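Top line first, the protein sequences correspond to chains A and B. Each residue of the first sequence is one higher than the last, beginning at 95 in the working numbering. Each residue of the second sequence is one higher than the last, beginning at 74 in the working numbering. Worksheet: one structure, shown below.
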Amino acid sequence: MSDALVFHFDVDGENFTSAGQASTQVKKNLRQLGLSPATIRQVSIAMYEGEINMVIHANGGTADVVVTEEYIEIVLKDHGPGIKNVEQAMQEGFSTATDSIRSLGFGAGMGLPNMKRYTDSLEIDTVLGEGTTITMRVNL
Amino acid sequence: MKISMIRDLLDADLLCCEENLDSDVYSACGSDMMSDVLAYVKDQAVLLTGLVNPQVIRTAEMMDMVCIVFVRSKRPTEAMISMAADDGIVMMATDKRMYDACGTLYINGLIGTKAVHV
């Protein structure tokens, strides 16, 4: 695997039912590449949390996954409202989700902390009113 | 514990993947909040939940879980059953409440998951 592999997905912000499809596909792709189950799980959980966040908070966006010999990088980009206070958003249990989102099983304030937990690096570039780009890496 | 024993102990209706009933599982977790389930990786094999939407299946799939038990008489849709079947995840439904279902499995040897973060 000398060249980087790139997977691109559009994440539909209108459809909670289909949320997670990109992560499911990435998991399948990584399995085919023969990566370790632990690494695959780290990447897929982090991406899944991000995908769910894009759907419930930002009306969708795009997801790009780059696989190299050294790392897997996940870039999630949306044009949602942005994150007002990143430090606060990184705290376990903090959430701006509504009760209707919680009734769907999310919005417990674990999304961003989980994304950080399962990756080796996480960067958040957010502008209020313009959107958020989250870049995560899992080292191989 | 065999998955078939979970079905028997909970008097549950099997909804798909009968061919995997003979699989062994060693731990379980119960929650209606999927982000809480995703927060802990310790090879949980069984998810007990009262939440009914497709993200339950996706969460189990991301966590490499092999069995989902719907409690409190909750019933998944045909589309959800189909998703689980595609992934080989055994799905069942019981009338027991979450507390009773978890307790029944626990005292019969299916311990929970230690709260260990990766």
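All C-beta atoms in this analysis are idealised placements derived from N, C-alpha and C, irrespective of residue type, glycine included. As the structure is a computational prediction, the values presented were derived from the model and not from experiment.
Reduced DSSP category for Asn233(A) - H, G, I as helix; E, B as strand; rest coil: Start at 1 with the first residue of the first sequence, and residue 233(A) comes out as number 139. Assignment of Asn233(A) by DSSP, reduced to helix, strand and coil, places it in the strand class.
One or two residues paired with Val119(B) in a DSSP bridge: Sequence index remark: in the second sequence, residue 119(B) carries index 46 (1-based). Val119(B) pairs with Ala101(B) and Cys140(B).
Cutoff 6 Å; reference Phe103(A); Cβ partners in own chain excluding five residues on either side: Mapped onto the first sequence, residue 103(A) falls at position 9. Around Phe103(A): Ala116 and Ala157.
At least 3 beta-carbon pairs within less than 8 Å: the region 216 to 229 of chain A vs the region 157 to 166 of chain A: Cβ pair count under 8 Å is below three, so no.
Within the region 115 to 163 of chain A, ranges of the beta strand (DSSP E) (whole runs, at least 3 residues): The region 115 to 163 of chain A contains these whole beta strand (DSSP E) runs: 154 to 161.
Per-residue burial, Leu99(A) [other beta carbons within 10 Å of its own, 16 or more giving buried]: Here residue 99(A) refers to the residue found at position 5 of the first sequence. Exposed, since its Cβ has fewer than 16 Cβ neighbours within 10 Å.
Integer-rounded CB distance, given that Val119(B) should sit under 8 Å from Ala101(B): Residue mapping note: residue 101(B) aligns to position 28 of the second sequence, counting from 1. Residue mapping note: residue 119(B) aligns to position 46 of the second sequence, counting from 1. The Cβ separation is near 4 Å, so the contact holds.
Interface residues of chain B facing Phe200(A) [CB-CB closer than 8 Å]: Numbered from 1 along the first sequence, position 106 holds the residue referred to as residue 200(A). Neighbours of Phe200(A) on chain B, chain order: Met106, Met107, Ser108 and Gln128.
Neighbourhood of Leu178(B) by C-beta distance below 7 Å, restricted to the same chain and skipping five residues each side: Along the second sequence, one-based indexing puts residue 178(B) at 105. Excluding sequence neighbours, Leu178(B) sits near Ile79, Leu82 and Ala101.
Residues of its chain near Phe188(A), where Cβ-Cβ distance is below 8 Å and the 5 sequence neighbours each way are ignored: Within the first sequence, numbered from 1, the residue matching residue 188(A) stands at position 94. A distance below 8 Å between beta-carbons, with the five flanking residues on each side excluded, links Phe188(A) to the following residues of its chain, in chain order: Gln182 and Gly203.
Proximal residues, the region 106 to 124 of chain A versus chain B, C-beta separation under 9 Å: Along the region 106 to 124 of chain A, the positions whose C-beta sits under 9 Å from a C-beta of chain B are Phe110, Thr111, Ser112, Ala113, Gly114, Gln115, Ser117, Thr118 and Lys121, read in chain order.
7 Å CB neighbourhood of Asp86(B) in its chain, flanking five on each side removed: Counting from one through the second sequence, the residue named residue 86(B) turns up at place 13. Met165 and Ala166, listed in sequence order.
Asn110(B) versus Ile146(A): straight-line alpha-carbon distance, rounded: For this step, residue 110(B) is matched to residue 37 along the second sequence. For this step, residue 146(A) is matched to residue 52 along the first sequence. One detail in the question is off: residue 110(B) reads as Val in this sequence, not Asn. Val110(B) and Ile146(A): Cα-Cα distance of roughly 14 Å.
Chain A contacts from the region 132 to 143 of chain B (Cβ-Cβ distance under 9 Å): Against chain A - using a Cβ distance shorter than 9 Å - the residues of the region 132 to 143 of chain B are Thr132, Glu134, Met135, Met136 and Asp137.
Neighbour flag for Arg57(A) against chain B, beta carbons, 8 Å: This structure cannot speak to residue 57(A), because chain A is shown only from 95 to 234.
Reference Gly199(A); option with closest CA among Thr132(B), Met153(B), Glu151(B) and Met107(B): Position 105 of the first sequence, counted from the start, is the residue given in the question as residue 199(A). Minimum Cα distance to Gly199(A) is reached at Met107(B).
Helix, strand or coil at Ser197(A) [DSSP, three-state]: Along the first sequence, read from residue 1 onward, the residue named residue 197(A) stands at position 103. Coil, per DSSP.
Contact set between Gly187(A) and chain B, taken where Cβ atoms lie within less than 9 Å: Your numbering for residue 187(A) matches position 93 in the first sequence. By Cβ distance, chain B contributes nothing, its closest Cβ being about 10 Å from Gly187(A), past 9 Å.
Inter-residue Cα distance where the pair is Lys122(A) and Asp160(B): Position 28 of the first sequence, counted from the first residue, corresponds to residue 122(A). Position 87 of the second sequence, counted from the first residue, corresponds to residue 160(B). Those two C-alpha atoms are separated by around 11 Å.
Closer than 8 Å to chain A by CB, Leu121(B): Within the second sequence, the letter at position 48 stands for residue 121(B). With 8 Å as the cut-off, Leu121(B) does not count as an interface residue toward chain A.
Beta-carbon proximity of Ala152(B) to Ile141(B), cut-off 8 Å: Here the question's residue 152(B) lines up with position 79 in the second sequence. Here the question's residue 141(B) lines up with position 68 in the second sequence. No. Outside cutoff.
Residues of the region 142 to 166 of chain A with Cβ closer than 8 Å to any Cβ of chain B, in chain order: Under the 8 Å Cβ criterion, the region 142 to 166 of chain A contributes Tyr142, Glu143 and Ile146.
Proximal residues to Asp168(B) (C-beta, below 6 Å), its chain only, five neighbours per side dropped: The count along the second sequence starts at 1 and reaches residue 168(B) at position 95. So the qualifying residues of the chain are Ser146.
Closer than 8 Å to chain A by CB, Ala112(B): Your numbering for residue 112(B) matches position 39 in the second sequence. At least one beta carbon of chain A lies nearer than 8 Å to the beta carbon of Ala112(B).
Within chain B, partners of Pro131(A) - CB distance below 9 Å: Along the first sequence, read from residue 1 onward, the residue named residue 131(A) stands at position 37. Going along chain B in sequence order, the residues near Pro131(A) (Cβ under 9 Å) are Asp137.
Chain-order list of residues whose beta-carbon lies under 8 Å from that of Gly144(A) (same chain, five-residue window excluded): Here residue 144(A) refers to the residue found at position 50 of the first sequence. Within the same chain, Gly144(A) has close Cβ partners Ala157, Ile168, Leu170, Gly205, Met209, Ile228 and Met230.
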